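J.: Here's a structure for you.
In this note's numbering, the protein residues as written are 21 to 249.
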């Protein structure tokens, strides 16, 4: 996916919406700001950090609440850029880095199974990735396997389009990578419940997101949560 597709004001505004919501709802995600013990976060489908440019710092904004943040992406170029961004921010690799891997396919590479660092997360977060994934149930199941008991999975994505509205036009950036035109409350809750989650919740952002016309215009962000028993 080309970086230039995300160098727009609407992307920065969208990232700011997500960042502000997460920072205002730390306890909802299971984050205890007063806890100074070891805590680990998985940044699933991290890309190169396009949702955390210098003006918004999405994942970077959550990083102070964790002793380690690990990004996971299936594109080697994205992993390299993510790691470069962390280095440029002066963050030690031991505290923040990305690894190459795919949890979405029919089979998982041995490296993802054998690497103990990729398990026992306190929080796994997927931001605007699920609608690109062919089998969201399989992916959510695998993300839940990566959590410690009591850990939290947070899915951020868009609700389905309202009747008569277009979710995205065929000529929009990365339109060919879209597998699902959003997830409504019932669908998302079913996915999380089928994965064995407890404390399932689904909330909308308080404001709609302004998107370009060819990307469907206004969209409604949602934040879904499930905890591992």
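Beta carbons: idealized from backbone N, C-alpha and C, even for Gly. Small disclaimer: the values here were computed from a predicted structure and weren't measured.
Return the residue from the list 143, 114, 191, 53 that minimises the CA-CA distance to residue 245.
T.: The option with the nearest alpha carbon to residue 245 is 143.
J.: Pop quiz: residue 174 and residue 49 are said to be a contact at Cβ under 8 Å. What is the actual Cβ separation, rounded to whole angstroms?
T.: About 6 Å; that satisfies the 8 Å criterion.
J.: May I ask you to report which of helix, strand or coil DSSP gives residue 232?
T.: Note: residue 232 maps to coil in three-state DSSP.
J.: Let me check understanding here. Comparing Cα to Cα, which of 83, 108, 241 lies closest to residue 6?
T.: This structure cannot settle anything about residue 6, because the visible part of the chain is limited to 21 through 249.
J.: Contact check, residue 251 vs residue 61 under 8 Å by CB: the rounded distance?
T.: The first residue shown for the chain is 21 and the last is 249, placing residue 251 beyond what the model contains.
J.: Examine the Cβ distances between the stretch 203-222 and the stretch 231-240 and report whether three or more of them are shorter than 8 Å.
T.: The answer is no - the stretch 231-240 does not touch the stretch 203-222, with fewer than three Cβ pairs under 8 Å.
J.: So what's residue 9 in DSSP terms, helix, strand or just coil?
T.: Outside the displayed range of the chain (21 to 249) lies residue 9, so it cannot be described from this structure.
J.: Pick out whichever of 212, 81, 214 has its Cα sitting closest to the Cα of residue 53.
T.: Taking only the C-alpha atoms, the option nearest residue 53 is 81.
J.: Under a Cβ-count criterion, where at least 16 other Cβ atoms within 10 Å of its own Cβ denotes burial, should residue 156 be classed as buried or exposed?
T.: Buried: at least 16 other Cβ atoms inside 10 Å.
J.: How big is the Cα-Cα spacing for residue 56 and residue 209?
T.: Straight-line Cα distance between these residues: approximately 32 Å.
J.: Do residue 103 and residue 126 count as a contact pair if the criterion is CB distance below 7 Å?
T.: The answer is no: Cβ separation not under 7 Å.
J.: How about residue 66 and residue 100: are their beta carbons less than 7 Å apart?
T.: Not a contact, by the Cβ cut-off of 7 Å.
J.: Helix, strand or coil, according to DSSP, for residue 29 in the structure here?
T.: Three-state result, residue 29: helix.
J.: If you draw a straight line from the C-alpha of residue 160 to the C-alpha of residue 114, how long is it?
T.: The alpha-carbon atoms of residue 160 and residue 114 are separated by roughly 26 Å.
J.: Output the boundary residues of the beta strand (DSSP E) element that contains residue 118.
T.: Unbroken beta strand (DSSP E) run through residue 118: 116-120.
J.: Express the C-alpha separation of residue 95 and residue 190 in angstroms, rounding to a whole number.
T.: Those two C-alpha atoms are separated by around 23 Å.
J.: What's the gap between the Cα of residue 134 and the Cα of residue 87?
T.: Whole-angstrom Cα-Cα distance: 22 Å.
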